[in-house]
Amino acid sequence: MPGKSAIWHVALLALPVSIGCGGGQSRLAAPGVAGDASEAAIAEYDSNGDGVIGGNELDQCPALQSSLRRADLDGDGKVSADEIDKRIAVWKNSGLALTRLAVTVKQGGQPVSDAEVTFIPESFLGPSIKQAQGVTDSDGVAHMRISSDPDEAGVHLGYYRVQVSKKLPNGKETLSASNNAQTKHGVEIAPDDPRMSGVTLNLLGD
Numbered sequence: 000m001p002g003k004s005a006i007w008h009v010a011l012l013a014l015p016v017s018i019g020c021g022g023g024q025s026r027l028a029a030p031g032v033a034g035d036a037s038e039a040a041i042a043e044y045d046s047n048g049d050g051v052i053g054g055n056e057l058d059q060c061p062a063l064q065s066s067l068r069r070a071d072l073d074g075d076g077k078v079s080a081d082e083i084d085k086r087i088a089v090w091k092n093s094g095l096a097l098t099r100l101a102v103t104v105k106q107g108g109q110p111v112s113d114a115e116v117t118f119i120p121e122s123f124l125g126p127s128i129k130q131a132q133g134v135t136d137s138d139g140v141a142h143m144r145i146s147s148d149p150d151e152a153g154v155h156l157g158y159y160r161v162q163v164s165k166k167l168p169n170g171k172e173t174l175s176a177s178n179n180a181q182t183k184h185g186v187e188i189a190p191d192d193p194r195m196s197g198v199t200l201n202l203l204g205d
């Protein structure tokens, strides 16, 4: 029986430099988050118009839900625009362009191989935060990257919806929609996440 909960442990490795032309080193620029990101987040997810994201609204943004402990500075169980701004400041102040990220996917305690893992950035962050993908190996581990460029192995800091898909040769999806098309998985990739011993995602059942 598939697990009913998702557990994330996030391991981060900073990538401050890349190899430039002629073999020299040039610092990768951290991507910019949209200046109105926090206001856009409230506009998208604050369905009752009280100016914050809380309760069932958080269910619509799994990334904010999963990182509530870090974002909710006043402990009211909700996320305000100011609190989102403070999370964005943490990412910006780290100066990190990319972070290496390996995701272990499990179902019923067993590794899931040949599954495609996709990190989809929340749209309110703007276009500079890129989607990342990886495919799990025989140990259920996917190494995430934003492109095939060797210098772009990793993910940007930010809020992500996480989709996991494993299809048969005929294209039929084998995993519950709660893991992909209607994903309930989300994560914040941040330098101050205390869970830095590894990355594990337990798939959800129907």
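Here the sequence shown is numbered in numbering that gives the first Met the number 0, starting from 0 and rising by one per residue.
Every residue gets a Cβ at the ideal spot worked out from N, C-alpha and C, and that includes glycine.
Check: Going by beta carbon distance, what residues of the same chain come within less than 6 Å of residue 23, once the five residues before and after it are set aside?
Finding: Because residue 23 carries a pLDDT of 32, less than 50, the predicted location of this residue cannot be relied on, and no value is offered for it.
Notebook entry, point to check: Going by beta carbon distance, what residues of the same chain come within less than 6 Å of residue 120, once the five residues before and after it are set aside?
Noted result: Here the set comprises 128, 157 and 159.
Margin query: Tell me which residues share the same chain as residue 139 and place their Cβ nearer than 7 Å to its Cβ, disregarding the 5 neighbours each side in the sequence.
Written below: Excluding positions up to five away in sequence, the list reads 103, 104, 105, 110, 111 and 112.
Notebook entry, point to check: Helix, strand or coil for residue 164 per DSSP?
Noted result: Three-state DSSP puts residue 164 in a strand.
Check: Who does residue 119 pair with in a DSSP beta bridge?
Finding: Answer is 160.
Item checked: Nearest candidate by alpha-carbon position, reference residue 50, set 66, 77, 68 and 71 -> That would be 77, whose Cα lies nearest to the Cα of residue 50.
Next item on the list: Tell me, please, which residues DSSP counts as bridged to residue 155.
Entry: The secondary-structure analysis by DSSP pairs residue 155 with nothing; it has no beta-bridge partner.
Next item on the list: Just mark residue 182 as buried or exposed, buried being the case when its beta carbon has 16 or more other beta carbons within 10 Å.
Entry: Under this definition residue 182 is a buried residue.
Notebook entry, point to check: Considering only C-alpha positions, which residue in the set 170, 154, 201 and 189 is nearest to residue 177?
Noted result: Nearest option by C-alpha distance: 201.
Checklist line | Distance between residue 145 and residue 29 (C-alpha atoms, nearest Å) | finding: One C-alpha to the other measures close to 13 Å.
Note to self: Please state whether the Cβ-Cβ distance between residue 37 and residue 88 is less than 8 Å.
What the structure shows: When the beta-carbon positions are compared, residue 37 and residue 88 stay at least 8 Å from each other.
Item checked: Continuous beta strand (DSSP E) stretch holding residue 43: start and end -> In the DSSP assignment, residue 43 falls outside any beta strand (DSSP E) and within the unbroken alpha helix (DSSP H) covering 36-44.
Check: Can you tell me where the beta strand (DSSP E) with residue 111 in it begins and where it stops?
Finding: Under the DSSP assignment, residue 111 falls outside any beta strand (DSSP E); it carries neither an H nor an E label.
Item checked: Status (buried if at least 16 other CB within 10 Å, exposed otherwise) for residue 42 -> Residue 42 comes out exposed.
Margin query: DSSP has residue 52 in a bridge; who is on the other side?
Written below: Answer is 78.
Notebook entry, point to check: Which value, in whole angstroms, describes the spacing of the CA atoms of residue 184 and residue 199?
Noted result: Cα-Cα distance, rounded: 12 Å.
Next item on the list: Let me know the secondary structure DSSP gives residue 32 once reduced to three states.
Entry: Residue 32: coil per DSSP, three-state reduction.
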